[in-house]
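So the structure is just underneath, and the comments pick up after that.
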Amino acid sequence: MCGIVGYVGKSRAVPMLLQGLHKLEYRGYDSAGVALPEGGGIEVIKTSGRIDDLEKKVKHYGELSACCGIGHTRWATHGAPSDLNAHPHLSQGGKVAIVHNGIIENYMELREMLRGAGYRITTQTDTEVVAHLFEMNYHGDAVRAMVETVKYLRGSYALAVLSADEPGQIVCTRRDNPLIVGVGEGENMIASDIPAILAVTKNYIVIADGEVVRVDAGGVTVYNSLGETVEKEINTVTWDVSAAEKGGYEHFMIKEIMEQPKAVRDTVQPRIKDGMPALDDCGLSDALFENVRNIHITCCGSALHAGLVGKVVREKLARIPVIAQVASEFRYCDPIIGPDDLCIVISQSGTTADTLAALREAKARGARTVAVVNVVASDAAREADGVLYTWAGPEIAVATTKAYSAQLAAMYLIAVRAGLARGTLSEEAARRCCAEIAALPELIERTLACREDMQYLASLYSNRQSIFFLGRGIDYAAAQEASLKLKEISYIHSEAYAGGELKHGTISLIEDGTLVVALCCDPALLEKSVSNIKSVKARGAKVIMVTSVASFQPDPEICDHLIRIPACAAELSASLSNIPMQLFAYYVGVHRGCDVDKPRNLAKSVTVE
Ligand code: F6R
Numbered sequence: 015m016c017g018i019v020g021y022v023g024k025s026r027a028v029p030m031l032l033q034g035l036h037k038l039e040y041r042g043y044d045s046a047g048v049a050l051p052e053g054g055g056i057e058v059i060k061t062s063g064r065i066d067d068l069e070k071k072v073k074h075y076g077e078l079s080a081c082c083g084i085g086h087t088r089w090a091t092h093g094a095p096s097d098l099n100a101h102p103h104l105s106q107g108g109k110v111a112i113v114h115n116g117i118i119e120n121y122m123e124l125r126e127m128l129r130g131a132g133y134r135i136t137t138q139t140d141t142e143v144v145a146h147l148f149e150m151n152y153h154g155d156a157v158r159a160m161v162e163t164v165k166y167l168r169g170s171y172a173l174a175v176l177s178a179d180e181p182g183q184i185v186c187t188r189r190d191n192p193l194i195v196g197v198g199e200g201e202n203m204i205a206s207d208i209p210a211i212l213a214v215t216k217n218y219i220v221i222a223d224g225e226v227v228r229v230d231a232g233g234v235t236v237y238n239s240l241g242e243t244v245e246k247e248i249n250t251v252t253w254d255v256s257a258a259e260k261g262g263y264e265h266f267m268i269k270e271i272m273e274q275p276k277a278v279r280d281t282v283q284p285r286i287k288d289g290m291p292a293l294d295d296c297g298l299s300d301a302l303f304e305n306v307r308n309i310h311i312t313c314c315g316s317a318l319h320a321g322l323v324g325k326v327v328r329e330k331l332a333r334i335p336v337i338a339q340v341a342s343e344f345r346y347c348d349p350i351i352g353p354d355d356l357c358i359v360i361s362q363s364g365t366t367a368d369t370l371a372a373l374r375e376a377k378a379r380g381a382r383t384v385a386v387v388n389v390v391a392s393d394a395a396r397e398a399d400g401v402l403y404t405w406a407g408p409e410i411a412v413a414t415t416k417a418y419s420a421q422l423a424a425m426y427l428i429a430v431r432a433g434l435a436r437g438t439l440s441e442e443a444a445r446r447c448c449a450e451i452a453a454l455p456e457l458i459e460r461t462l463a464c465r466e467d468m469q470y471l472a473s474l475y476s477n478r479q480s481i482f483f484l485g486r487g488i489d490y491a492a493a494q495e496a497s498l499k500l501k502e503i504s505y506i507h508s509e510a511y512a513g514g515e516l517k518h519g520t521i522s523l524i525e526d527g528t529l530v531v532a533l534c535c536d537p538a539l540l541e542k543s544v545s546n547i548k549s550v551k552a553r554g555a556k557v558i559m560v561t562s563v564a565s566f567q568p569d570p571e572i573c574d575h576l577i578r579i580p581a582c583a584a585e586l587s588a589s590l591s592n593i594p595m596q597l598f599a600y601y602v603g604v605h606r607g608c609d610v611d612k613p614r615n616l617a618k619s620v621t622v623e
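Just so we're aligned, residue 15 is where the sequence shown starts under our numbering, counting upward by one.
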C-alpha cells in the first residue's frame, strides 16, 4: 500500500528518491511522483503507472539539482489511478507539497470548509485537503503548521511535507501508518519501510503516532503533539542489505520460498532452551497459560491461516479453546473477550490496520495481548503486552511465504509451552515436540526438492479456470493457505474445502478435468480423505495428492499425481505440505505471465481498513 520516501543531504535528491521508491514497489502501487524545491517554488513530477514511467518523465525535466525532496507510490483508494490523483499534491499557492499514506476519513467535510475559505479542489483524492490545510496553517514554521494541520484530520495517515519557504527540510508525522527516519551522516531519509533508506544508512528511528519530525541535512528533531522535543532511540538494521535484493533469483517470491529453512531456524533456535520452548520474555508465561480461559487469534489473510493451524495444534496439545477470527470482523462483532483471555495477533508487517484495530479492541476489553510479528519495532510489536518475533528477515514479494512459515513455527512453540504449563503434555512429550520443531528447517530443505515436480505440474494445469483444495483437520487449515496463494499469484479462481463438506454443495462444481489438490498428511484422517477424493475422481476430477505419510500407498486410480513430502508429526505437517503448494502457485503464476512479486490490486502492507 502507498509508500513514502524523502531525502535531504549532500547528493541530488532525484536519484535517491527514485531508488527509494523502487525499494517500496513491493508494497503495491499504481502511480508515483516526486516533489523538489526548485527556483523558489516546488517542482512536482508525477504519473500513473510504474516508477520506470516516472523515471522517463523525470528525464524531460533536465538538471534537477535540489538535494531535498519527497516521493510517493500511490495505491488508489479515493479517485482513479491517474496523473492528477497521483501524489505529491500541491497546495493552492504552490508553496507546499504533500505525500500521504492512509485515509483522511473526514475529507468531504474538510473540502467544504476549504471551499468556503476560497480553495479550489482539483483532484478526487482525500489527500489534497491536507496540502491546503497546511498552507492555511503555515506562518513560517512547518513544524507548527503540521501540529495545527493534523488537528483537523480524522483517519489514518503518514504525511511528509515540503515547503518552498524552508527548502532544505522535510517535516513529517504519522497516525496508524508506518514511518521511519533513516539517520545518516550529513544526509537523512524518511520512508515507509527500511529497504528505502539502506542506500544512506542502517540506523533509523521509528516515529510514534502523533510525533512530528523535522529532518534536514544536519539532523533529525522529533517533537510530540505539544511541540516539545522528544529523545528517540536509534535502531540499527541487523540484516544484510543483500537480504532485500533478488540475489540471482528471477523473483523475490522464489528466493523467499527457498529461504524458508533459514527463516524457521532463526525463529525457532533462540526460543528453544534446554529442549523446551522459552517464551517467558514474550509475555507468554506458564502462569498465563494455566489460568487463561480462551485464546483468541485475530489477524488477516495468510497470517490468519497460520492462526488456524495454531488453533488446531493448540487445542490438541494444550486443550485450550482457541477462537481464530478475521481481524476485520473482530472489533465489530462485540467479541466475548476479557481479562481472563489471551489475544494473539499475527502479522508479518506489524502494521496491518485491521489487525492493529483488533489488538486495540482486545486490550480495551482487558485481555492480555501478544503479537507474533516479523518487523522489529512495528506498531503491533510496540502496542501488544508481549511480542514473539519471527525472524524471517525482510519479505519483499507481496505474497507471504517465509514469514508464514516462521509464523507456523511460532504457533507450534506456543502450543507446546501451553500444553506443558497446563499439564496436557508431559515433559517428555514436550521435549519430543520441541526436537521435532527444531528439525523442521532440515525437513523443509528436503521438501524444497519437489521444486521441479511442481514446476512440471504447474505447466500441466496453469490453464485451469478453477482449482479446488481439500483437506481435513490440519490439512484443511493448510489447504486454505494453498488456495489463497494460488489465487493471489495466478488469478485462477480457487477454493479450499474441508474434505467432508464437499458433498454439501461444492461437488456440483466438479466436472471432467477439474483439478483437485488433496492434502493428506494426518494418518488419523487418511481413510476419510481418500473417500472424499474418490467421490471427486468419480466425477472426472484430476487429482494431485500431497502426503507425508510414508506408508500410504494410494490407489493409482484416484491419484493422478502423488507428491511425497518427508514424514513428520501430523501437527507440524502444514510446514511441509505448504512448500509444494507455494511452488505450485509460483510456477502457475510465472507460466501465466503474472507479475508474481506484485500481483494486481494487492499491497504488502495493508494500512487501511
Ligand atoms: C497473502 C498475504 C496476505 C497477508 C495479510 C496480512 O500472501 O501476504 O494475506 O498475510 O495481508 O499481512 P500482515 O501479516 O503483514 O499483517
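Note that CB positions come from ideal geometry on N, CA and C, so glycine has one too.
- Message: Comparing C-alpha positions only, which one of I524, C534, A90 and G169 sits nearest to K551?
- Response: Answer by Cα proximity: I524.
- Which residue comes first and which comes last in the beta strand (DSSP E) that contains C203? Before going further, note that residue 203 is Met rather than Cys in the sequence given. Annotation for M203: the continuous beta strand (DSSP E) segment containing it runs N202 to A205.
By the three-class DSSP mapping on this structure, what secondary structure does C534 have? In this structure, C534 counts as strand in the three-state DSSP scheme.
In the DSSP assignment, what are the bridge partners of E242?
-> E242 is not bridged to any residue.
request  = Identify the continuous beta strand (DSSP E) that holds M559 and give its terminal residues.
outcome  = Start and end: K556 to T561.
Check: Thinking C-beta only, is G198 closer than 7 angstroms to D230?
Finding: Contact: no.
Three CB pairs or more closer than 8 angstroms across the region 443-456 and the region 578-587:
Yes, the region 443-456 touches the region 578-587.
(Q) Which residue wins for smallest C-alpha separation from V386, given the options L212, V359, Q469 and A443? (A) Of the candidates L212, V359, Q469 and A443, the one whose C-alpha sits nearest the C-alpha of V386 is V359.
- Taking buried to mean at least 16 other C-beta atoms within 10 Å of its own C-beta, is Y23 buried or exposed? The question names Tyr, yet the displayed sequence has Gly at residue 23. So G23 counts as buried.
Taking 8 angstroms as the cut-off, does the region 592-600 touch the region 468-475 (at least 3 CB pairs, one atom from each stretch)? Output reads yes: the region 592-600 touches the region 468-475.
Quiz prompt | Burial state of E304, where buried means 16 or more other Cβ atoms lie within 10 Å | solution = The residue is exposed, with fewer than 16 neighbouring Cβ atoms inside 10 Å.
- Query: So does the region 106-116 actually touch the region 43-60, counting three or more Cβ pairs closer than 8 angstroms?
  - Reply: The answer is yes - the region 43-60 touches the region 106-116, with three or more Cβ pairs under 8 angstroms.
Would you say the beta carbon of A385 comes nearer than 6 angstroms to a heavy atom of the ligand F6R?
Answer for A385: no, Cβ out of range of the ligand F6R.
Practice problem: Determine the direct distance from the alpha carbon of A257 to that of A266, and round the result to whole angstroms. | Solution: Strictly speaking, residue 266 in this sequence is Phe, with Ala absent from that position. Approximately 10 angstroms between the Cα atoms of the pair.
Worksheet item: So, is P284 buried or exposed, given that buried needs 16 or more other C-beta atoms within 10 angstroms?
Response: Counting Cβ neighbours within 10 Å, P284 comes out exposed, since fewer than 16 surround it.
Just to check my reading of the structure: S62 and P102 have Cβ atoms closer than 8 angstroms, yes? What is that Cβ distance to the nearest angstrom? The Cβ separation is near 14 angstroms, so there is no contact.
Q. CA-CA distance, D574 and A341?
A. Taking the straight line joining both Cα atoms gives about 38 angstroms.
| message | What would DSSP say about N305, mapped onto helix, strand or coil? | response | Here N305 sits in helix by DSSP.
Notebook entry, point to check: Between the C-alpha atoms of A156 and N115, what's the straight-line distance to the nearest angstrom?
Noted result: C-alpha of A156 to C-alpha of N115: approximately 19 angstroms in a straight line.
ask   = CB of G513 to nearest heavy atom of the ligand F6R: below 6 angstroms?
value = Result no, Cβ not under 6 angstroms from the ligand F6R.
*asked:* Would G603 and S504 qualify as a contact pair, given that the criterion is a beta-carbon distance under 7 angstroms?
replied: Contact: yes.
Less than 7 angstroms separating the beta-carbons of Y166 and L147?
In contact: Y166 and L147 (Cβ atoms closer than 7 angstroms).
_For the ligand F6R, I want to know if Q596 counts as a neighbour, meaning its beta carbon is within less than 6 angstroms of at least one of the ligand's heavy atoms._
Exclusion of Q596 from the 6 angstroms shell around the ligand F6R follows from its C-beta lying no nearer than that to any non-hydrogen atom of the ligand.
Next on the checklist: Relative to the C-alpha of D355, which candidate in E397, L35, I334 and I558 has its C-alpha closest?
Outcome noted: Taking D355 as reference, the option from E397, L35, I334 and I558 with the minimal CA-CA separation is I334.
> Which partner residues of F640 appear in the DSSP bridge assignment?
Replying inline: For residue 640 there is no data in the structure shown, the boundaries of the chain being 15 and 623.
Is the beta carbon of N202 closer than 7 angstroms to that of A250? Note that residue 250 is Thr in the sequence shown here, rather than Ala. No. Outside cutoff.
Neighbourhood of A376 by C-beta, 6 angstroms cutoff - its chain only, sequence neighbours within 5 removed = Only I351, C357 and T383 meet the Cβ criterion.
Roughly how many angstroms lie between the CA atoms of G364 and D569, to the nearest whole one?
Their backbone Cα atoms lie some 45 angstroms apart in a straight line.
task = Using a threshold of 7 angstroms, state whether the C-beta atoms of G83 and L38 are closer than that.
result = L38 is positioned such that its CB atom lies no closer than 7 angstroms to that of G83.
How about V226 and T252: do their beta carbons lie closer than 7 angstroms? Remark: C-beta atoms of V226 and T252 do not approach each other more closely than 7 angstroms.
**Message:** So for Q596, helix, strand or coil by DSSP?
**Reply:** In the structure shown, Q596 falls within a helical segment according to DSSP collapsed to helix, strand and coil.
Next on the checklist: Rounded to the nearest angstrom, what separates M272 and E242 at their Cα positions?
Outcome noted: Put simply, the backbone Cα of M272 is about 47 angstroms away from that of E242.
In the DSSP assignment, what are the bridge partners of Y171? Its beta-bridge partners are G116 and R189.
Item to complete: Give the single residue among K71, A46 and I135 whose Cα lies nearest to the Cα of R64.
Response: If we check each option's Cα against that of R64, A46 comes out closest.
* State yes or no: is the C-beta of C186 nearer than 6 angstroms to some heavy atom of the ligand F6R? => No, the beta carbon of C186 sits no closer than 6 angstroms to any heavy atom of the ligand F6R.
Inset, instruction - Take the Cβ of E240 as the centre, count every other Cβ of all protein chains shown within 10 Å, and call the residue buried at 16 or more, exposed below. - result: Per the sequence presented here, residue 240 reads as Leu, with Glu not at that position. By the neighbour-count rule (16 or more Cβ atoms within 10 Å), L240 is not buried but exposed.
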